[in-house]
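Protein chains in written order, with my numbering: chain D, 1 to 248; chain G, 249 to 496; chain P, 497 to 744; chain L, 745 to 992; chain E, 993 to 1240; chain Y, 1241 to 1488. Think of the CB as a built atom: it goes at the ideal place given N, C-alpha and C, for glycine as much as any other residue. Please read the structure below before turning to the comments.
There are 6 protein chains.
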Amino acid sequence: MLLHLMTWPEVEEYLQTNTGIIIPIGSTEQHGPTGLIGTDAICAEAIAKGVGEATQTVVGPTINVGMALHHTAFPGSMSLRPSTLIQVILDYLTSLTAAGFTRYFFINGHGGNIATLKAAFSESYYHLSHLNIPQATQVRAKVGNWFMCRAVYQKAKELYGDQEGSHATPSEVAVTQFVYPESIKNASLSPDVNSGYPIYGASDFRSHYPDGRMGSNPALATPEHGEQLYNLAVKELSESYLKFAQAD
Amino acid sequence: MLLHLMTWPEVEEYLQTNTGIIIPIGSTEQHGPTGLIGTDAICAEAIAKGVGEATQTVVGPTINVGMALHHTAFPGSMSLRPSTLIQVILDYLTSLTAAGFTRYFFINGHGGNIATLKAAFSESYYHLSHLNIPQATQVRAKVGNWFMCRAVYQKAKELYGDQEGSHATPSEVAVTQFVYPESIKNASLSPDVNSGYPIYGASDFRSHYPDGRMGSNPALATPEHGEQLYNLAVKELSESYLKFAQAD
Amino acid sequence: MLLHLMTWPEVEEYLQTNTGIIIPIGSTEQHGPTGLIGTDAICAEAIAKGVGEATQTVVGPTINVGMALHHTAFPGSMSLRPSTLIQVILDYLTSLTAAGFTRYFFINGHGGNIATLKAAFSESYYHLSHLNIPQATQVRAKVGNWFMCRAVYQKAKELYGDQEGSHATPSEVAVTQFVYPESIKNASLSPDVNSGYPIYGASDFRSHYPDGRMGSNPALATPEHGEQLYNLAVKELSESYLKFAQAD
Amino acid sequence: MLLHLMTWPEVEEYLQTNTGIIIPIGSTEQHGPTGLIGTDAICAEAIAKGVGEATQTVVGPTINVGMALHHTAFPGSMSLRPSTLIQVILDYLTSLTAAGFTRYFFINGHGGNIATLKAAFSESYYHLSHLNIPQATQVRAKVGNWFMCRAVYQKAKELYGDQEGSHATPSEVAVTQFVYPESIKNASLSPDVNSGYPIYGASDFRSHYPDGRMGSNPALATPEHGEQLYNLAVKELSESYLKFAQAD
Amino acid sequence: MLLHLMTWPEVEEYLQTNTGIIIPIGSTEQHGPTGLIGTDAICAEAIAKGVGEATQTVVGPTINVGMALHHTAFPGSMSLRPSTLIQVILDYLTSLTAAGFTRYFFINGHGGNIATLKAAFSESYYHLSHLNIPQATQVRAKVGNWFMCRAVYQKAKELYGDQEGSHATPSEVAVTQFVYPESIKNASLSPDVNSGYPIYGASDFRSHYPDGRMGSNPALATPEHGEQLYNLAVKELSESYLKFAQAD
Amino acid sequence: MLLHLMTWPEVEEYLQTNTGIIIPIGSTEQHGPTGLIGTDAICAEAIAKGVGEATQTVVGPTINVGMALHHTAFPGSMSLRPSTLIQVILDYLTSLTAAGFTRYFFINGHGGNIATLKAAFSESYYHLSHLNIPQATQVRAKVGNWFMCRAVYQKAKELYGDQEGSHATPSEVAVTQFVYPESIKNASLSPDVNSGYPIYGASDFRSHYPDGRMGSNPALATPEHGEQLYNLAVKELSESYLKFAQAD
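Shown next, in the form of structure tokens:
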């Protein structure tokens, strides 16, 4: 059930029995020499659709551009400032809460979004509590990071070991290959790839990670892996969503 | 060429010869009893992809939620405040200009976005001129509204006459039917539909347009019409884009 | 009835029967070699006073500085950023709505203000709807651009033909000559004047319009023309205002 | 020399020898049963014009609406929030400094503006120092409050003694009577008028000052007093301006 | 009674009979060759604690960094922008007012904070009046500047005469010596020290006041003076606070 | 070396060889029936001073109020909104970076600050990179949470087992008892204490955690435990700081 493919009377009816919504959030940022710039949005959107189907929950439109300031020294990367993203989330939650939604489950494809999302939730609870919206105090929001699912993590470890790395990982690349098999990219990848260096600003990031990868070997990815990882993520996040949405 | 399906080295190469990018912007808002909530985003994204192919131009990620505050009394509608959308556009243009892009063509599916987009362009030119980005003074942005293309307008007039209306129009519904034929909705539509009343706030809007339509009869839409309208829009906006991108 | 020349008990009494207010908004920006920097504010203020008298409506203080960022490469030009102007309008409407005003008619002298004003109205409706002000949902705002009045446009066409242009026009210069006959300026005007080039940032604007005019020949202006144009604008905007203020 | 009655080449020429500008700032707020709502703007504008003539200095457009939140429980009062006014001042100084102005003398008619103006100057110095404007570090701004001129104060004391009060004073009313003799208002004024109570929020203000006056008896005002006070203010502020503008 | 050393039930009990709170605000900025960077915060905090004890009032946490942009050309100085400080104060007052506090007495150690604090109070009254907090209209805030207490001023005059100056004064240095006798600094001080020059931006400030002092001779300070000044400030501000808190 | 007890020439000298600074950040929020409202600030400040001494590093002023919106339904709690805290951090880093600091180590006492701090660092790197500050690209910031130190965690586990809980923990209470032995509070604590419930808005928090504790038994705390925990935290964070500050 994609919100974009529903009509407003269908949403009105849905809200009679369910006040939950899943919102995919990704990023538009470099993913190394072979990873798609849309990787994080593609994964989040695909998995969110899967969770929506599995749990009969409305899936909202994907937030395609997230907090990726540290990637912006690579061409094609886009980012909101954290202060902008906070206002975006606040606006989303205000619109939807006024209509009756109260459970917001963000399926997230990008580690860099997590801190700002959490800050945005706090800002939104506060802001909503000062509006004249009856259900404002019942609002709850949660981030579900598909790449941090226990089963996904274990599978990635099993498939790639240390070559999973932490950015432009074979596991996220595999999911994009599963979703867009016609867009599998090839490029020679240096076997030497930096890892473990903390993330600060954009130029610092690029100087330490010159091709954009962080300790990863995305050449190991296959569409078949992607399908497995996708299925594991959908299953685990569906359980996580239901637990969240049904809690008192 | 979708930015999301490219790698950063591909973007780097593209920028050697082309500094233009197309960004689809839609809205997430009620479109009457049968129109999809994602109508404006669906149309903008589909047409933008068409224009991107026709002109060999990179197409950025779709801005799914726009300025639709006046629709927010209908469930499922989402909106950014204008002040938020201005910051979003400013962030997009800052990221992309730093990488070398200088021509921004927003293919827009929602009339309510136009004013804020224009305000955002002014704010962005100013902001960019004060950053240390060499190409900042060369930045230009333009809105291309597919529904205001001359050929689209004439075809809609020819197909629907006065029943085109101005929101939840048969022409935009037709394009969504062409793109998502499996999501064609049916509902009984009152023959009496208000029109011509100006747009103010959300509750005022709903009291004047109780089912969300503004003078339109979307029951006239067909996927075949949608294909025709899509083709006309892609053709005209492609010309418009090239003229914009190639101007001195 | 100028708000500035009223007392608060007079305003209180006025609000018993009338909740409309006219607010002139202009700009402080170059108007070519002979046009006054205050042209847009002068025209808007004079015409607004005329409309106020004709319709017995309170006229608020003039917004002298508007959105003119694209003119700021010429000395003497001043501008608010769009994001600032939105907050200014929001503050105006909040103060006045709390007092009981609900119909805001902005008489505007500058094309560059239109987009930001419309964005500001949307932001304000939203903002007001979340305050504890009973009449907030009844608030309506409208822009009346004197230079876009049908009768003004026709008269300008008749008087100046293609030499009307689109900035530093003889028609607006004529109105300032009617209002300030002691401030008529003379300077040699190059017969070659650019026109039709779109507006982007400030340095781009000046490089395309080196003396500030856009396709206009302000040397054609006379104070007598100004009086005619003033009268046409007052008449048409008075009708427009009354229709707006008296609508259900 | 009013900026609004100059052309941009005239400003360009002026800047060859003078980088000072005078900006009147008033307020739109209740001034008791007989004081004009525009009192503070009227006084500031008239005196600023006088100072501009006396010192051959450009006078910018009047800021008509200032920081008067505490007056907004009286109808007709308008106010910017301090945070908005700071952005307005910052935008003014950015536009003008980019053109070459460096000395900003605000002639102020409203005590409530002073704190925010000073905060705005600090914010502006900081902001300008981070833009690429060569003369940014030379920018200086100063508030000249006409009602706090020593000679004005002494004259008011001499004319009105304790009945001068601190808001809707006979001295400011007198200046408006001098400027707008056709707008002298009469109303019965209670002899009992509160004074000395500090200013907090708007409803608190109105409950302590029910007719808007603060310890004043504006019935004592005459246009002749107004002329005397005007002349004293122009003389003293002209000296103050020249000292400011000519300092190293 | 320091808020930081209380529990929430103790605060709840306190609020049954008292809704006042004292908040120290200082600055982190250069104080000449021998003055401590924390001078303004140290003085404000110490005196606030004294006033809290004397009046049995809760003392909140110290705002250590204030509005000191003009000092930031000296290493170690820190500053909030005025627009940031306004939001900080607004957040403080919102949290505390929601809990039941209504009287806010800021004991201030830095002249540069005054304007922004006053602007912040206005912004906060307005903001709070639009939240759903019953006691919002009863909120009152006041700045008590210890260095402007009449008795302090007289004592400083008596002790230091003209060598008191206006920044890095012997009186404030003396109070820090009383509070932190182990941190008394020595350095040779030029007998020539500028004074009387107005404060504009940071680089302008440093060029006129090269060692950071403004007309002062802090070498005259002693811990004994500090104790005297501290006692005078505590006494006078305690009276001032009680008058403020107990007013109708 | 506390910044507040240094002079600006001492800071200037320090910066010749060291560009690191430690900034304590706490919170002002309820800590259950017996925990001090200042617990998080007290712990952070004490430990930061210890780390500063151990590593010969400047320690900046404590940020006493953090992001604690979820605690604000308990009296005495104070909070910045995340968007405010981001601006505060940005201002701190801008002031200090302009002076030459480049390594920012925030010693943090409150879990609720972490997300906003990380968002603020990203915003600051971006913002600084657009100012004219040479060392801006070398800026790095890091959060060191004393309560998440491995040794602290193990000791707390050993001392308290499951009764450590996650808010108003015996370990943090113990540290405050060590620092302020005269402020040890007693109150009867219900043996039933909720735990494991996620944190959403303020009223939701209080309804799930009615006395403010989250699964903890602070009655187990002793000043002796506090000293042990303090020492462990200082040792581990000193190592962590040095590794951070000395990294390439």
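- Inter-segment contact for the segment 654-664 of chain P and the segment 616-625 of chain P is absent: fewer than three beta-carbon pairs are separated by less than 8 Å.
- When C-beta distances to chain G are compared with 9 Å, the residues of the segment 849-875 of chain L below that value are H874 and L875, in chain order.
- Distance from G:K433 to G:T287 at the Cβ level is roughly 11 Å; contact not present, criterion being Cβ atoms closer than 8 Å.
- In the structure shown, E:A1133 adopts extended strand secondary structure according to DSSP, grouped into three states.
- Residue pairing from DSSP places Y:P1264 in a beta bridge opposite Y:I1347.
- Judged by their CB atoms, L:V809 and L:S771 are nearer to each other than the 8 Å cut-off.
- The Cβ neighbour count for L:N961, taken over all protein chains shown within 10 Å, is at least 16; the residue is labelled buried.
- In this structure Y:I1263 is in contact with Y:Y1332, their Cβ atoms being roughly 7 Å apart against a cut-off of 8 Å.
- With the rule of 3 Cβ pairs closer than 8 Å, the segment 1033-1043 of chain E does not count as touching the segment 1284-1293 of chain Y.
- When DSSP states are grouped into helix, strand and coil, E:V1171 belongs to the helix group.
- Fully enclosed alpha helix (DSSP H) runs of no fewer than 4 residues occupy 1248-1257 and 1279-1295 of the segment 1242-1303 of chain Y, in order along the chain.
- Within chain D, the residues whose beta carbon sits less than 8 Å from that of G:R329 are Q87 and D91, listed in sequence order.
- The three-state reading of DSSP puts Y:M1388 in helix, counting H, G and I together.
- Taking CB atoms only, P:T590 has no neighbour in chain G less than 8 Å away.
- Taking all protein chains in view, the Cβ of Y:K1483 is surrounded by fewer than 16 other Cβ atoms within 10 Å, so the residue is classified as exposed.
- Residue state for E:H1122 is assigned as coil, using DSSP reduced to three classes.
- In this model, L:H814 and Y:Q1378 are separated by some 46 Å (Cα to Cα).
- Apart from the 5 residues on each side of it in sequence, D:K142 sits with its Cβ closer than 6 Å to the Cβ of F105 and F244 in its chain, given in chain order.
- Residue-level contact check: G:T385 touches chain P, since one or more beta carbons of chain P fall below 8 Å from its beta carbon.
- With a threshold of 16 other beta carbon atoms within 10 Å, E:G1101 meets it and is buried.
- Annotation: Cβ neighbours of G:D452 in chain P (cutoff 9 Å, chain order): Y621, T633, Q634, V635 and R636.
- Put simply, the CB of G:L317 is near chain P, with a gap under 8 Å to one of its CB atoms.
- C-alpha of E:A1194 to C-alpha of L:E756: approximately 28 Å in a straight line.
- Per DSSP, the continuous alpha helix (DSSP H) segment holding G:E484 begins and ends at P471 to Q494.
- Listed in chain order, the positions of the segment 4-17 of chain D with a beta carbon within less than 7 Å of a beta carbon of chain G are H4, L5, M6, T7, W8, P9, V11, E12 and L15.
- Of the residues assessed, E:A1239 falls on the exposed side of the cut-off, its CB having fewer than 16 other CB atoms within 10 angstroms.
- In terms of CA proximity to E:H1159, E:F1197 leads the group E:V1043, E:F1197 and E:A1040.
- For Y:H1448, the enclosing alpha helix (DSSP H) has its first and last residue at A1442 to H1448.
- Annotation for D:A136: T97, L128 and S129 place their beta carbon closer than 7 Å to its own, counting only its chain and skipping 5 residues before and after.
- The C-alpha of L:A931 lies about 11 Å from the C-alpha of L:D955.
- Note on geometry: alpha-carbon atoms of E:N1010 and E:G1068 lie some 39 Å from one another.
- When only Cα atoms are considered, D:I114 and Y:N1372 end up about 30 Å apart.
- When 7 Å is used as the limit between beta carbons, L:M822 is near these residues of chain P: Y588, S591 and L592, in chain order.
- Within the segment 1146-1160 of chain E, no residue has its Cβ closer than 7 Å to any Cβ of chain L.
- Neighbours of D:N64 in chain G, taken as residues whose beta carbon is under 7 Å from its own, are P309 and T310 in chain order.
- Following the DSSP letters along the chain, one finds L:V832 inside the alpha helix (DSSP H) bounded by residues P826 to A843.
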